[in-house]
Amino acid sequence: MAASDDLLVGQAAKLLDENEQLKTELESSLYENARLIDDRDRLLRRVTALARELQSTSSIKLAQASDRADDRTAEAPTETKLSETEEELRVAFEELQVLTEELEVTNNELQRANEELEERVRSRTRELTALNAELRRSDLRMSTLIEGIPQLVWRSGDHGRWTWCSPQWTDFTGETSAMSQGLGWLDALHPDDRTAALAAWDKAEIVGDLSFEARICHKAHGKYRHFQTRAMPVRTADGVVLEWLGTCTDVHDIMRLREQQNVLVDELQHRTRNLMAVVHAVTIRTIKGSRTLEDFRRCIDDRMSALSRVQSLLSRRGSQRISFDTLLRAELSAHVDLEGSSSALKILLCGPQDVPLQTSLVQTLALALHELATNAVKYGALSVPSGMLKVAWHTAQSDGSKVRLLVDWHESGVPDIPKPGASPRGGGYGRELIERALPYQLGAKTSYAFTNDGVRCTIEVDVPDDDVRLETNGARTLA
Amino acid sequence: MTMSGWRQTVLEHWLKGCRILVVEDEYLIADDLRSILLEAGAEVLGPVPNVEDAASLIEAEQQIDGALLDINLNGTMAFNIADTLVAREVPFVFATGYDQWAIPDRFALVPRLEKPIKGPQIFAVLAQMIQRKPCLPPL
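Protein chains in written order, with the working numbering: chain A, 1 to 479; chain B, 480 to 618.
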């Protein structure tokens, strides 16, 4: 676009030069014409004078001829005079002939020069007309482009005194071109950004371009959006600034995304560091609960796997919440084949699907469920043929508005129950998570006890407000 | 005993009898911090897992010699608690997974321990901050 415009402007300048030259030529030919016309007039005058003289001479001759008839004696001297006159007449005729020829030549020259000039003027006029049409088309393309781009476009004199704004500015700010002129555009800016905008203009005239960020009021929504403003000066060939051409680009969404990204990076940092701290704490506890290195190896392996599982659940779900049955199934599946035929007789899971969990609860609850399952497999209901595990859950709305999830982990058919007061066989880590960690972190109510033939554990936690589902408690047997 | 070993012992000694507030939402981490401080002979206030519990504990306690403060408490930033501690002239450190830029400028001089935190780190930073307090035993 710019290159073809330069070309057009160059062509126009060339044509103007040529026109100037033609004008000079025209002036000199006019001068020449005037001279030729003078010559012609002079010649005409002489031809006329000669013609008159010739006429008078002829009439004298006729008079003399009639006299001769009357008086033949006076013939001799008159004859002499008559021959002189005839000689003069002949010379005059010759002169007249020469002059007439000259006149004809001059006239022809004049006509040729005129025709030539007219032809040149016609051709230049055609070229100029074509060029004008091309300039108009180029102008149209430029204005279509300016009014079609998403940026708000404007023109300005020195010191940010606007002279024109594009329809986009008017559409966005509600300011007409007239309102935006001078410093009128400042009214559309956030009051806190106006001083900085004017300072940017002061700087622009020194550094040669303008650049600043400011909030501009969106008339339709009555809200401010962040814009990046830029402008460049239009200069003459000698570098004099004619005006400034500027654009305002909406960067609001980009800025918002950048902020969101920062928040997400923060959250990731927080989660990662916390996870490392949890891994550290789990490791320390496992060391304390292990008698041998082999004990430690097996136990830490299981616990790290539980942490990995819950991390993959958390990352896969994105912003969606993890449901209780998903978590329970994930933890049990790590220990037993829930789809297998033996599980069908030993494991009963009853409760509604899709009860959402608070994200902050998921990791600790997963670890707790992992410890319950591990202990069931090692010492409890899943370690003996007669054992049976039933996990039942439902949601309930207590006196307040809070909806709670109530989980009942119930093992039965276990003959070998530890005596009251005996040290816990799994190192007591699972019990600590249930009895202390869940209440500490999430205000959960929990219980953990041994009945006659197995462990019974209850967990009661808040269901997040944003996605409450109260469902009828349809019992379902898995596998 | 090596020089660093001596230093460690001295710093640990400085914490003896000090009342240290622990604000941390993750139970396992909170319990670890509690154990570390108890082993050094400090008295632990809390641990508390959220801003509300921390605020009421601070209000109820006459004497707090120092505090360990997690910044992100289950999604709530603990900067209000930090302001209260500053107002009461209680020295404290941030325990965090955040970069420095995520912390408001007014806390630029507050030491920051990156998780996971080890015992010696706590002793080094917290004990030196508290050392001007009257709970210090003579060396």
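All C-beta atoms, glycine included, are put in the ideal place defined by N, C-alpha and C.
Applying the criterion that 16 or more other CB atoms from any shown protein chain within 10 Å of the CB defines a buried residue, is residue i buried or exposed?
{"i": "T374 (chain A)", "result": "buried"}
{"i": "L470 (chain A)", "result": "Note on L470 (chain A): pLDDT 37, under 50, position unreliable in the model; no value is reported."}
{"i": "T364 (chain A)", "result": "buried"}
{"i": "Q441 (chain A)", "result": "buried"}
{"i": "M142 (chain A)", "result": "exposed"}
{"i": "T144 (chain A)", "result": "exposed"}
{"i": "P62 (chain A)", "result": "Checking the displayed sequence, the identity of residue 62 (chain A) turns out to be Leu instead of Pro. Answer is exposed; the Cβ neighbour count stays below 16."}
{"i": "R498 (chain B)", "result": "buried"}
{"i": "R285 (chain A)", "result": "buried"}
{"i": "G443 (chain A)", "result": "exposed"}
{"i": "S28 (chain A)", "result": "exposed"}
{"i": "V91 (chain A)", "result": "exposed"}
{"i": "Q607 (chain B)", "result": "exposed"}
{"i": "P617 (chain B)", "result": "Low per-residue confidence applies at P617 (chain B): pLDDT is 41, beneath 50, and the placement is therefore not dependable, though the value from the model is reported in the following sentence. Label assigned to P617 (chain B): exposed."}
{"i": "E101 (chain A)", "result": "exposed"}
{"i": "I287 (chain A)", "result": "exposed"}
{"i": "A220 (chain A)", "result": "exposed"}
{"i": "D193 (chain A)", "result": "buried"}
{"i": "G474 (chain A)", "result": "Caution is warranted here: a pLDDT of 36 is assigned to G474 (chain A), below 50, making its placement in the model unreliable, and the coordinate value is therefore given only provisionally. Per the 10 Å Cβ criterion, exposed."}
{"i": "T533 (chain A)", "result": "Because residue 533 (chain A) is not part of the residues shown, which for chain A are 1 to 479, the question remains open."}
{"i": "D504 (chain B)", "result": "buried"}
{"i": "P448 (chain B)", "result": "No answer is possible for residue 448 (chain B): the residues shown for chain B start at 480 and end at 618."}
{"i": "S401 (chain A)", "result": "exposed"}
{"i": "A214 (chain A)", "result": "buried"}
{"i": "T472 (chain A)", "result": "Low local confidence applies: a pLDDT of 33 at T472 (chain A) is under 50, so the model's placement there is unreliable, with the coordinate-based value given in what follows. With fewer than 16 other Cβ atoms within 10 Å, it is exposed."}
{"i": "R431 (chain A)", "result": "buried"}
{"i": "I216 (chain A)", "result": "buried"}
{"i": "R476 (chain A)", "result": "Confidence at R476 (chain A) is low in this model, with a pLDDT of 34, below 50, so the placement of that residue should be treated as unreliable; the coordinate-derived value is given next. Exposed: under 16 other Cβ atoms inside 10 Å."}
{"i": "I149 (chain A)", "result": "exposed"}
With distances taken from CA atoms, which of the options is nearest residue i?
{"i": "A376 (chain A)", "options": "A:D354, A:V355, A:K346", "result": "A:K346"}
{"i": "T593 (chain B)", "options": "B:I550, B:A533, B:S514", "result": "Correcting the residue identity first, residue 593 (chain B) is Glu in this sequence and not Thr. Here the closest residue by C-alpha is B:I550."}
{"i": "H270 (chain A)", "options": "B:I515, B:D544, B:W493, B:G554", "result": "B:G554"}
{"i": "Q245 (chain A)", "options": "A:Y379, A:A231, A:M276", "result": "A small fix is needed here, since residue 245 (chain A) is Leu in this sequence, not Gln. Minimum Cα distance to L245 (chain A) is reached at A:A231."}
{"i": "D253 (chain A)", "options": "A:W154, A:R161, A:Q228", "result": "A:Q228"}
{"i": "I322 (chain A)", "options": "A:L257, A:W409, A:T359", "result": "A:T359"}
{"i": "P526 (chain B)", "options": "B:E538, B:D511, B:E518", "result": "B:D511"}
{"i": "D465 (chain A)", "options": "A:F450, A:T100, A:S412, A:R404", "result": "A:R404"}
{"i": "Q566 (chain A)", "options": "A:K390, A:H370, A:V391, A:L406", "result": "The structure shown does not extend to residue 566 (chain A), since chain A is modelled only from 1 through 479, so no value can be given for it."}
{"i": "N132 (chain A)", "options": "A:D266, A:A13, A:V362", "result": "A:A13"}
{"i": "L500 (chain B)", "options": "B:V523, B:L564, B:S514", "result": "B:V523"}
{"i": "V278 (chain A)", "options": "A:D17, A:F296, A:A437, A:L54", "result": "A:A437"}
{"i": "R585 (chain B)", "options": "B:F602, B:F558, B:Q541", "result": "B:F558"}
{"i": "V384 (chain A)", "options": "A:R316, A:D416, A:A392, A:K402", "result": "A:D416"}
{"i": "E568 (chain B)", "options": "B:I582, B:V589, B:A581, B:T575", "result": "B:V589"}
{"i": "M556 (chain B)", "options": "B:I596, B:I537, B:P528", "result": "B:P528"}
{"i": "K223 (chain A)", "options": "A:G351, A:H280, A:H190, A:V251", "result": "A:H190"}
{"i": "V98 (chain A)", "options": "A:Y448, A:L30, A:D266, A:L50", "result": "A:L50"}
{"i": "L372 (chain A)", "options": "A:D337, A:E331, A:M388, A:L349", "result": "A:E331"}
{"i": "L89 (chain A)", "options": "A:A65, A:S58, A:D67", "result": "A:S58"}
Subject >> Where the region 283-315 of chain A meets chain B: residues whose CB sits under 9 Å from a CB there >> reply: I284, R285
Original post:
Quick one: complete alpha helix (DSSP H) runs, 4+ long, within the region 407-453 of chain A?
Top reply: 429-432, 438-442
**OP:** Evaluate contact between the region 130-140 of chain A and the region 225-245 of chain A, counting only Cβ atoms and requiring at least three cross-stretch pairs below 8 Å.
**Re:** no
**OP:** Select from the region 514-538 of chain B all residues with a C-beta closer than 7 Å to any C-beta belonging to chain A, and list them in chain order.
**Re:** P528
Original post:
Enumerated in chain order, which unbroken segments of the alpha helix (DSSP H) with a length of 4 residues or greater are wholly contained in the region 135-189 of chain A?
Top reply: 167-173, 177-180
Subject >> Start-end ranges of the alpha helix (DSSP H) lying completely within the region 97-142 of chain A, minimum 4 residues >> reply: none
Original post:
Are three or more beta carbon pairs between the region 355-363 of chain A and the region 285-303 of chain A nearer than 8 Å?
Top reply: no
Subject >> 3 or more residues per run - each beta strand (DSSP E) lying fully within the region 527-610 of chain B >> reply: 545-549, 571-575, 591-593
Original post:
Is it a yes or a no for the region 541-549 of chain B touching the region 492-508 of chain B, going by three-plus beta-carbon pairs under 8 Å?
Top reply: yes
Original post:
Hey, which unbroken runs of the beta strand (DSSP E) at 3 residues or more fall wholly within the region 372-397 of chain A?
Top reply: 388-397
**OP:** Compile a chain-ordered list of the residues in the region 264-276 of chain A whose CB is closer than 7 Å to at least one CB of chain B.
**Re:** D266, Q269, H270, T272, R273, N274, M276
Subject >> Proximal residues, the region 439-451 of chain A versus chain B, C-beta separation under 7 Å >> reply: Y440, Q441
**OP:** Decide if the region 200-211 of chain A is in contact with the region 155-168 of chain A; the criterion is three or more beta carbon pairs, one per stretch, under 8 Å apart.
**Re:** yes
**OP:** Scan the region 155-181 of chain A for residues whose Cβ lies nearer than 7 Å to a Cβ of chain B and list them as they occur along the chain.
**Re:** none
Original post:
Within the chosen definition, does the region 112-126 of chain A reach the region 37-49 of chain A through at least 3 CB pairs nearer than 8 Å?
Top reply: no
Original post:
For the region 340-369 of chain A, which residues have a CB atom closer than 8 Å to at least one CB atom of chain B, in sequence order?
Top reply: S360, T364
**OP:** Anything in the region 495-512 of chain B with a Cβ closer than 8 Å to a Cβ of chain A? List those residues in chain order, please.
**Re:** D504, E505, Y506, L507, I508, A509, D510, D511
**OP:** Ignoring anything shorter than 3 residues or poking outside the region 268-354 of chain A, list the beta strand (DSSP E) runs there in chain order.
**Re:** 347-350
Original post:
Relative to chain A, which residues along the region 594-606 of chain B have a C-beta separation below 8 Å, given in chain order?
Top reply: K594, P595, I596
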